[in-house]
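Student: One point on numbering: in my numbering, the residue at position 23 of the sequence shown is 19, and numbering is uninterrupted. Following this message is one structure expressed as structure tokens.
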Amino acid sequence: DDHVNKPIDINNYLVSKGDSSLLVESKISEQLILGDTEKGLLIKNATLTGYIEAFEGDIVDTSFPNSKTRRGRVQKNAVPTLIRSKTMAVVENKKLRYLSPLEYWLIQEMPIELYDKVLECEFKEKMTMKLRKEKYYEN
């Protein structure tokens, strides 16, 4: 399949732009953002300079904000791995904003119509995890 190895343009999937309810908590932002430049943010990173510059649309891994050895925090216009916990944030207007559940869905190239149907089921997160776990152990 051609699209398997081709990186996607993350900006095509960002549908929650400007949603202030998704802003990264100030405590985490203060630990990760060392400053800003004309074009972006200086994100704490275990490199010689101590930071890496993140631009609009770049993805920042917010996990372990106190780490002094964490590298690879900034992914240029890409999401490396989708995980269940809320740790992936996008640089937007010189702030960090978590990806929304819909954005996670779209990044996986799932049809939006199916997302709407899943929402109609009103699953609780714990229940969906339990169902997945049971299905996993059955196989």
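Virtual Cβ for every residue (Gly too), placed ideally from N, Cα, C. Since the model is a prediction, treat every value here as computed from it, not as a measurement.
For Lys35, which residues in the same chain have their Cβ closer than 7 Å to its Cβ, ignoring the five residues on either side in sequence?
Tutor: Cβ neighbours of Lys35 beyond the five flanking positions: Phe51.
Student: Using 8 Å as the threshold, is the C-beta distance between Leu92 and Val70 below it?
Tutor: Contact flag unset, no.
Student: Give the DSSP-derived three-state secondary structure of Glu118 in the structure shown.
Tutor: Looking at Glu118 - three-state DSSP - the assignment turns out to be coil, as it is neither helix nor strand.
Student: Looking at the secondary structure, which residues open and close the alpha helix (DSSP H) in which Tyr100 lies?
Tutor: From DSSP, the alpha helix (DSSP H) with Tyr100 extends over Pro97 to Ile103.
Student: DSSP puts Met84 in a beta bridge; with which residues?
Tutor: Paired residues: Asp57.
Student: If you drop the 5 nearest sequence neighbours on each side, which residues of the same chain put their C-beta closer than 6 Å to that of Leu30?
Tutor: So the list reads Leu38, Lys40 and Tyr47, once near-sequence residues are dropped.
Student: According to DSSP, is Leu38 part of a helix, a strand, or is it coil?
Tutor: It is a strand residue.
Student: What are the boundary residues of the beta strand (DSSP E) that Ile29 is part of?
Tutor: From DSSP, the beta strand (DSSP E) with Ile29 extends over Ile29 to Asp32.
Student: In whole angstroms, what separates the C-alpha of Leu110 from that of Ser96?
Tutor: Those two C-alpha atoms are separated by around 16 Å.
Student: Measuring straight from C-alpha to C-alpha, what distance separates Ala42 and Lys113?
Tutor: Cα to Cα, the separation comes out at about 43 Å.
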